Amino acid sequence: MNARTAAVRSGLARGLIEFKQTWTNRDDVVGQFVFAALFLGALFFMRDATLPGTAFSLGAATVPGVLGAGIVFNGLNTAAGYLAVDREDGTLLRAKATPNGMLGYLVGKTASLSMAQVTGLLIVLVPCLFVYPALAPGGVWSYLHLLWVLAIGLTATLPLGAALGSLTSSARSIGLITLPVLGLGAISGIFYPVTALPGWVQDIAQVFPMYWLGLGMRSALLPDSAVVVEIGQSWRPWATLGVLVAWSVIGLTLAPVLLRRMARREAGSSVAERREKAMQRVG
Numbered sequence: 001m002n003a004r005t006a007a008v009r010s011g012l013a014r015g016l017i018e019f020k021q022t023w024t025n026r027d028d029v030v031g032q033f034v035f036a037a038l039f040l041g042a043l044f045f046m047r048d049a050t051l052p053g054t055a056f057s058l059g060a061a062t063v064p065g066v067l068g069a070g071i072v073f074n075g076l077n078t079a080a081g082y083l084a085v086d087r088e089d090g091t092l093l094r095a096k097a098t099p100n101g102m103l104g105y106l107v108g109k110t111a112s113l114s115m116a117q118v119t120g121l122l123i124v125l126v127p128c129l130f131v132y133p134a135l136a137p138g139g140v141w142s143y144l145h146l147l148w149v150l151a152i153g154l155t156a157t158l159p160l161g162a163a164l165g166s167l168t169s170s171a172r173s174i175g176l177i178t179l180p181v182l183g184l185g186a187i188s189g190i191f192y193p194v195t196a197l198p199g200w201v202q203d204i205a206q207v208f209p210m211y212w213l214g215l216g217m218r219s220a221l222l223p224d225s226a227v228v229v230e231i232g233q234s235w236r237p238w239a240t241l242g243v244l245v246a247w248s249v250i251g252l253t254l255a256p257v258l259l260r261r262m263a264r265r266e267a268g269s270s271v272a273e274r275r276e277k278a279m280q281r282v283g
């Protein structure tokens with residue numbers, strides 16, 4: 001077994017351990033279920049509304065969009081946040097000091113975040129399938145469709161999150177990522193049809209992966225009758241695949257370069273300096 005293969009295997013083992021630890025941490029568990037409860041509560045108040053021009057439930061139509069937005073938000077914001085925290089507490093410095101340590105670190109973090117994303121999606125989706133029987137009308141084919149959208153969505157967002165995290169100076173800078181992502185959520189057709197927005201806003205939304213992930217999720221989980229509120233009254237599967245693949249290529253190209261540059265700059269003195277500044281703020 002060569003060193004890179006060993007690093008990948010250790011990274012996968014680390015990712016599984018980190019994922020298990022999230023379910024022994026009270027704050028992480030509470031956060032997962034509070035989000036699900038808030039979302040299901042919002043759907044309850046939308047139960048009597050319908051999509052414009054259809055008899056289909058607006059609540060059911062909202063479920064896929066929110067799932068897609070959650071993938072983007074967690075992929076960008078959470079990945080960047082973990083990277084910034086691990087940079088501050090010296091975790092990245094320790095990874096850098098071991099052979100292929102950065103590779104193992106990235107594999108582990110990607111694995112743990114991917115498992116957390118899938119778990120979070122299931123916590124929301126499973127209750128919604130009981131509340132809204134019209135979801136996933138294609139049965140097995142709907143779930144297979146959902147799987148490929150989820151897979152390409154994770155590939156399109158997690159590397160981008162790592163790249164953005166490598167550009168932040170500290171964990172407190174994550175707000176610079178969070179606010180734009182929330183802004184994208186407002187224009188990406190998550191809680192209402194994107195066709196209700198001005199044309200130029202629709203054009204902006206279609207540049208970024210959040211809109212396309214929402215569209216891909218809707219095409220997997222909603223019946224064909226719901227397509228009437230989409231742009232061009234089409235699910236546009238090939239465009240969805242193309243845009244998400246393009247963002248995957250961008251992220252996978254940028255992330256290694258930016259992370260290597262960040263790792264080269266890491267030293268014991270820089271970690272100590274950040275800790276000293278943190279202690280001064282606390283004091």
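So in the UniProt record's numbering the end of the sequence shown lands on 283, straight run, no missing numbers. Yeah, the Cβ is synthetic: ideal placement off N, Cα and C, and Gly gets one too. Quick caveat: nothing in here was measured; it's all calculated off a predicted structure.
| query | result |
| --- | --- |
| Identify whether V282 lies in helix, strand or coil by the three-state DSSP scheme. | Residue placement at V282 is flagged as unreliable, the pLDDT there being 49, under the threshold of 50; the coordinate-derived value follows with that caveat. Three-state result, V282: helix. |
| Could you compute how far the alpha carbon of W200 sits from the alpha carbon of Y132? | 33 Å |
| Contact between the segment 186–193 and the segment 209–225: three or more CB pairs below 8 Å? | yes |
| Would A42 and L51 be called neighbours here (beta carbons separated by less than 7 Å)? | no |
| Could you tell me which residues DSSP pairs with S57 in its beta bridges? | T50 |
| Which runs of the alpha helix (DSSP H), 4 residues or longer, sit entirely within the segment 161–206? | 175–187 and 199–205 |
| Can you have a look at P198 and say buried or exposed, based on whether 16 or more other CB atoms are within 10 angstroms of its CB? | exposed |
| If we count Cβ pairs, one from each stretch, closer than 8 Å, do we get three or more for the segment 104–113 versus the segment 3–12? | yes |
| Quick one: what does DSSP say S10 is sitting in, helix, strand or coil? | helix |
| For N33, count the other beta carbons within 10 Å of its own beta carbon; 16 or more makes it buried, fewer makes it exposed. Which is it? | This sequence places Phe at residue 33; Asn is not what is there. Its Cβ having fewer than 16 others within 10 Å, F33 is exposed. |
| Going by beta carbon distance, what residues of the same chain come within less than 8 Å of T98, once the five residues before and after it are set aside? | G104 |
| Candidates G75, A13, A220 and L176: which alpha carbon is nearest Q117's? | G75 |
| First and last residue of the alpha helix (DSSP H) that includes I231? | Premise fails: I231 is in no alpha helix (DSSP H) and is neither H nor E. |
| Starting from D27, follow the alpha helix (DSSP H) in both directions and report where the run begins and ends. | R26 to F45 |
| For the segment 147–162 against the segment 249–258, are there 3 or more C-beta pairs whose distance is under 8 Å? | yes |
| Taking the CB atoms as reference points, tell me whether A80 and G15 lie closer together than 7 Å. | no |
| Around the Cβ of V30, are there at least 16 other Cβ atoms within 10 angstroms (buried) or fewer (exposed)? | exposed |
| For the alpha helix (DSSP H) containing S225, list its first residue and its last residue. | No alpha helix (DSSP H) holds S225; DSSP gives it neither H nor E. |
| CA-CA distance, L38 and I123? | 12 Å |
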